[in-house]
Amino acid sequence: MSPETTHRILLAGIGNIFLGDDGFGPAVLGRVAAGPLPTGVRAVDYGIGGMHLAYDLLGDWDALILVDAVPGRGNPGAVRVFEVDPGKTGIATQLDAHAMDPGSVFASVEALGGTLPRTIVVGCQAACVAEGIGLSAPVAAAVDGAIEAIGRLLSELGADAPERCRTVGSEG
4 MSPETTHRIL LAGIGNIFLG DDGFGPAVLG RVAAGPLPTG VRAVDYGIGG MHLAYDLLGD
64 WDALILVDAV PGRGNPGAVR VFEVDPGKTG IATQLDAHAM DPGSVFASVE ALGGTLPRTI
124 VVGCQAACVA EGIGLSAPVA AAVDGAIEAI GRLLSELGAD APERCRTVGS EG
């Protein structure tokens, strides 16, 4: 990619590693961030630091890829990729420094005077978010699929996907 087409993309993992499958975002980010990333891509494991993510989103980002566990409404381990509708983020009128769910983070960005960039979620259906460290078997098995989805998204957003995010046999 030429320098004049470089996009600024924030790849953010969120979740609590002490609540089982809620640690999906940090598990994926740990793998993706283990090596070099394309120019303009920043990968951060925010854990439960919702305000940190909100403040970082006040920067000049072209896109946000948010990696998180999603509530139990389907098959555990199923990976879903969907775009957030900026008009339907559940915007609150006040800041909540302790809230970490994506809606609260998005509300905080807007309460701070910012605007969300294009936001895409790579979510994995959680099986268990009870106290405990480690992902359930179906969610752990979904990490590779989420990493491949991130690679596809980075390419679609104008960044070259790192080798570790490419599907076997894919180009580019």
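Take our numbering: the last position of the sequence shown gets the number 175, and nothing is skipped along the way.
The C-beta atom is built at its ideal place from N, Cα and C for all residues, glycine as well.
Around the beta carbon of P105, 16 or more other beta carbons lie within 10 angstroms, which makes this residue buried.
In summary, E151 is buried, with 16 or more beta-carbon neighbours lying within 10 Å of its beta-carbon over all protein chains present. In this structure, L67 places its C-beta atom within 8 Å of the C-beta atom of P120. Under the 8 Å Cβ criterion, the region 133-152 does not count as touching the region 47-57, having fewer than three qualifying pairs.
Counting along the chain, E134 sits inside no alpha helix (DSSP H), nor does DSSP assign it H or E at all. With a 10 Å radius around the Cβ and a threshold of 16 neighbouring Cβ atoms, T122 comes out buried.
Collapsing the DSSP output to three states places L56 in a helix. Of the residues assessed, G116 falls on the exposed side of the cut-off, its CB having fewer than 16 other CB atoms within 10 angstroms. Note on geometry: alpha-carbon atoms of S158 and G16 lie some 19 Å from one another. Cβ-Cβ distances below 7 Å link V73 to R83, G126, C127, Q128, A129 in the same chain, with the five nearest sequence neighbours on each side left out; the list follows chain order. By DSSP's assignment, L69 forms a beta bridge with A15, V124. A residue is called buried once 16 or more other Cβ atoms fall within 10 Å of its Cβ, and A140, having fewer, is exposed. Its chain contains G16, G18, I20, D48, G50 as the residues whose beta carbon lies nearer than 7 Å to that of P29, once the 5 sequence neighbours on both sides are disregarded; these appear in chain order. The C-beta of A162 has 16 or more other C-beta atoms within 10 Å across all chains shown, which makes the residue buried. A straight line joining the alpha-carbon of G137 with that of L22 spans about 8 Å.
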